[in-house]
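Read through the structure below, which is laid out as structure tokens, and then see the notes.
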Amino acid sequence: MDTARRRVGVMGGTFDPIHHGHLVAASEVQSWFDLDEVVFVPTGQPWQKADRTVSPAEDRYLMTVIATAANPRFNVSRVDIDRHGPTYTIDTLRDLSALHPDADLYFITGADAMAALLTWRDHDELFDLAQFVGVTRPGHEMDEATLDGLPADRITLVEIPALAISSTDCRDRVERDEPVWYLVPDGVVQYIGKHELYRASTPPAATTR
Ligand code: ATP
Ligand code: MG
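With the UniProt record's numbering applied, the sequence shown corresponds to residues 1 to 209, in that order.
Right, dumping it as structure tokens:
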């Protein structure tokens, strides 16, 4: 009887838009832990980003599908966008562990998100539900104090190739009419253009020539 448990990575994010920093992080952790699969989980209404308008969940979901479609080990889950109310990681992990009862979960976060771990809801139960994998991220040093009080055996820090890309920067670039080619996958560049995402909401005043 094969009793080996599957290993499933969970890459949560707003993905507004998904970029190559996310994809490299997921790919590195997949390889590092020999994961059977990495599930990307776009957030519903992100409670930490109440200060700005987040693009519609369906746009963020579709960009995530486009970006991951070619990788046989990458999948996308709708659990967070189909759940009403703000997204909490504890709910994401509860839903995914119910959907994958035969799997050990590996929750992948960048150094910045890891630092916020202690502010997350029910963080004790989080560590029962998943192993936490913190990946390095340029501009976000993870100091030892961040990990104080967290269960060392449930957290692994992984150094990944540094890609100084953020969704915020991608949005700002589109708004300024600067290119995002090679920062995000080609299909995502095209999706952003087709759906006119991240453009200033009021068109610039008409100019006379
Ligand atoms: P925003 O600028 O809108 O916050 P973001 O680029 O931080 O977007 P998120 O969707 O907030 O992207 O991040 C999802 C996860 O991916 C988080 O755990 C974050 O730390 C991680 N992450 C994002 N960009 C990188 C990167 N360049 N390298 C490593 N990890 C990253
Ligand atoms: Mg972020």
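Where a beta carbon is used, it is the ideal one built from N, C-alpha and C, also for glycine.
As assigned by DSSP and simplified to three states, the class of Ala4:
coil
Under 6 angstroms, CB to nearest heavy atom of ligand 1: contacting residues
Gly13, Thr14, Phe15, Asp16, Gly21, His22, Ala25, Thr109, Gly110, Asp112, Ala113, Val135, Arg137, Leu163, Ile165, Ser166, Ser167, Thr168
Going by DSSP in three states, Leu150 sits in which element: helix, strand or coil?
coil
Could you spell out where the alpha helix (DSSP H) holding Val24 opens and where it closes?
20–32
Quick check on Tyr88: does DSSP put it in helix, strand or coil?
coil
Below 8 angstroms, how does it come out for the stretch 122–129 and the stretch 11–20: are there three or more Cβ pairs, yes or no?
no
Neighbourhood of Leu96 by C-beta, 8 angstroms cutoff - its chain only, sequence neighbours within 5 removed:
Val8, Val10, Val39, Val41, Ser77, Val79, Leu105
What does the alpha-carbon distance come out to for the pair Asp172 and Asp143?
29 angstroms
Ordered list of beta strand (DSSP E) runs contained in the stretch 154–198, each at least 3 residues
155–158
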